[in-house]
Amino acid sequence: MKDHIFTKKTRIDVPVETLFAWHARNGAINRLTPPWTPLTLISRKGNGIEKGVEVRFKMKTLGVPTIWEAEHVDYKENCYFKDRQTRGPFALWEHDHLFHRDGPNRSIMEDRVRYRLPMGPCSLPFYGHAANELARIFEYRHQVLKYDMEHRIGKIKKQRILISGASGTIGQALVPFLRTCGHEVVRLVRDPSDSDEDALYWDPYKGQLDIEAAGPIDAVISLNGVDISRGKWTDRQKKLIIDSRVMPTRTLVEKMRAMDKPPSVFISSSAIGLYGEGGDAEITEDTPMGRSFISEVCDQWETASLGAARGGIRTIQLRIGVVLTPAGGALERMYLPFSLGLGTRLSHGRQYM
Numbered sequence: 590m591k592d593h594i595f596t597k598k599t600r601i602d603v604p605v606e607t608l609f610a611w612h613a614r615n616g617a618i619n620r621l622t623p624p625w626t627p628l629t630l631i632s633r634k635g636n637g638i639e640k641g642v643e644v645r646f647k648m649k650t651l652g653v654p655t656i657w658e659a660e661h662v663d664y665k666e667n668c669y670f671k672d673r674q675t676r677g678p679f680a681l682w683e684h685d686h687l688f689h690r691d692g693p694n695r696s697i698m699e700d701r702v703r704y705r706l707p708m709g710p711c712s713l714p715f716y717g718h719a720a721n722e723l724a725r726i727f728e729y730r731h732q733v734l735k736y737d738m739e740h741r742i743g744k745i746k747k748q749r750i751l752i753s754g755a756s757g758t759i760g761q762a763l764v765p766f767l768r769t770c771g772h773e774v775v776r777l778v779r780d781p782s783d784s785d786e787d788a789l790y791w792d793p794y795k796g797q798l799d800i801e802a803a804g805p806i807d808a809v810i811s812l813n814g815v816d817i818s819r820g821k822w823t824d825r826q827k828k829l830i831i832d833s834r835v836m837p838t839r840t841l842v843e844k845m846r847a848m849d850k851p852p853s854v855f856i857s858s859s860a861i862g863l864y865g866e867g868g869d870a871e872i873t874e875d876t877p878m879g880r881s882f883i884s885e886v887c888d889q890w891e892t893a894s895l896g897a898a899r900g901g902i903r904t905i906q907l908r909i910g911v912v913l914t915p916a917g918g919a920l921e922r923m924y925l926p927f928s929l930g931l932g933t934r935l936s937h938g939r940q941y942m
C-alpha cells in the first residue's frame, strides 16, 4: 500500500521564533487537540519538542480506547520538528511540523502528515473518511493556533496559578491555555498517588491542603463541582451538588487567608443559574436571585467565596453559562445520538441557555 500525504498551511502574523517557541511549551499538544478527539497524557520522557522526546497518550478511536505512543525524531530550532508514531491506530504516521519565515513579523505554519491505515488493501474504502477527518482536525488546530498567536495582549507577565477542579470540562481547556500563555499551573488533585510535578494533593472535605507547599502563588482559580446534569436530583444528589462546590471553596478560602503572602486574586466559579428561569428577559448583575434549586446552589457557592474578600483578597465570582463542548457535559452526551440521526427536539424547543 502506498503512503498518503496530508498538508495544511496557514499564515500567522507573528515572528517565526514566537510561533516555534509556543509549540515547545507545556500544554501545546492539549491546546491543539480538538474536543471531539481528546488526548490524555499518560507519560512523557524528556521535555519540549526536541529529538528523543517520547510521549504516551490515551485516546479513543471510533469510541474504542486506544494507546498512542510517539517519539520525536528530528528537530531544528525555528525551522521544524518531527514526530513518528511507534504504537497506535495507524500502520504509519509521520508528522512534520514546518515553520516558514514570511517576513520579520509573519510566519507560515505547515503541517505535513505521511500516513497509512492498518489492514492493507482492506482499508482502501476508509481513506476518504481519514482524509476528511484530518482536514477537520488540522483546520481546528490552525484556527486555535492563529487566534492564540495573533490575539495575545502585549507581553504577558508570567504567573503561578493554583487551580482546583482542573480535571473538569473547563479545567481541561483552561490549563493548556494558561500554560501556552507562559504561566505556571499547579493543579490540586484528590489522588495522593498523582506524582506529577505540577500536582498538589488535597482533601477539601477534610480541610486538608498544605497550600504553602505550592510555593508562591499569584492567583487561585476554583472550578469545583460535580456535573449537575448527571444523575437524578434525589436529596442525596442535591446535597452532593452543594457540598462539592461549597466545601472546597471554604477550604481554599481558609488556607489562602492563612498564607504568609496570600494570592492577589481569587476567581471562584459560579453559574448564571443564580438568576433562575428568566425566559427572554434581559439579565444583569443587579437581577434578583431566582427561586430554583440551582439558584440556591449558586448563592451558597458565592457566599462561601466571600471570606477571601473579607481577608483582603480580590475576589471574582465568575457566573458561567452553559458550557457546550463535545469534550464533556450535556453536548457530549447528545453528540453521538444526533450524529447518528437519532436526536430529537426536547419538549417545546423554546428553552433558554
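Take 590 as the starting number for the sequence shown in the numbering used here and just add one per residue. Ideal Cβ positions, reconstructed from N, Cα and C, are used throughout, including at glycine. None of the values given here were measured: they were computed from a predicted structure.
Check the DSSP bridge columns for residue i and list the partner residues they point to.
i	result
I827	As written in the sequence, residue 827 is Lys, which differs from the Ile given in the question. K827 pairs with nothing; no bridge assigned.
M698	T599 and F688
P654	K649
W791	L798
K671	D663 and D685
Y924	Its beta-bridge partners do not exist; DSSP assigns none.
G932	None, per the DSSP bridge assignment.
L777	L789
I856	I810 and I905
Y575	In this structure the chain extends from 590 to 942, so residue 575 is not present and cannot be described.
R676	E658
Reducing DSSP to helix, strand and coil, say where residue i ends up.
i	result
H937	coil
I861	helix
D663	strand
G896	helix
T838	helix
L630	strand
Q797	strand
E786	coil
A808	strand
S753	strand
V605	helix
T914	strand
F906	Sequence check: residue 906 is Gln here, not Phe. Correct three-state label for Q906: strand.
R725	helix
V963	Lying before the first or after the last residue shown, residue 963 is absent from the chain, which here runs from 590 to 942.
V644	strand
R741	coil
R880	coil
A762	helix
N619	helix
Q732	helix
V849	According to the sequence shown, residue 849 is Asp rather than Val. Reduced to three states, the DSSP call for D849 is coil.
Assign residue i to buried or exposed, taking buried as 16 or more other Cβ atoms, counted over all protein chains shown, within 10 Å of its Cβ.
i	result
Q761	buried
N694	exposed
L863	buried
H740	exposed
D700	buried
G814	buried
G932	exposed
D758	Here residue 758 is Thr; the residue named in the question, Asp, does not match the sequence. With 16 or more other Cβ atoms within 10 Å, it is buried.
H731	buried
M708	exposed
I909	exposed
E866	exposed
A724	exposed
I594	exposed
H937	exposed
I752	buried
V842	buried
G918	buried
Kindly list the residues whose CB is nearer than 7 angstroms to the CB of residue i, restricted to its own chain and excluding five residues on each side of it in sequence; keep chain order.
i	result
K640	H661, V662, D663 and Y664
L706	F679, A680, S712, F715, Y716 and A719
C668	F688
L920	L913 and T914
G616	V764, P765, R768 and T769
Excluding the 5 residues flanking residue i on each side, which residues of the same chain have their C-beta closer than 6 angstroms to its C-beta?
i	result
F679	Y704
K844	L798 and I800
I817	I830
P793	M836, P837 and T840
Y672	Going by the sequence as given, residue 672 is Asp instead of Tyr. Excluding sequence neighbours, D672 sits near A659, H661 and H684.
I883	G862
W657	F646, M648 and G677
G796	T840
N619	P765
Q826	G820
Near residue i, what residues of its chain come up, given a Cβ to Cβ distance below 8 angstroms and the 5 sequence neighbours on each side ignored?
i	result
Q748	H772, E773, D807 and A808
R614	R768, T769 and G771
E666	F609
M738	I601, D602, V603, T607, L608 and W611
S881	G862, G865 and E866
Quick check: the segment 624-636 against the segment 602-612, are at least 3 beta-carbon pairs closer than 8 angstroms?
no
Pairs of beta-carbons, one from the segment 846-859 and one from the segment 901-915, closer than 8 angstroms: are there three or more? yes
Taking one C-beta from the segment 909-928 and one from the segment 766-773 each time, how about it: are there three or more such pairs within less than 8 angstroms? no
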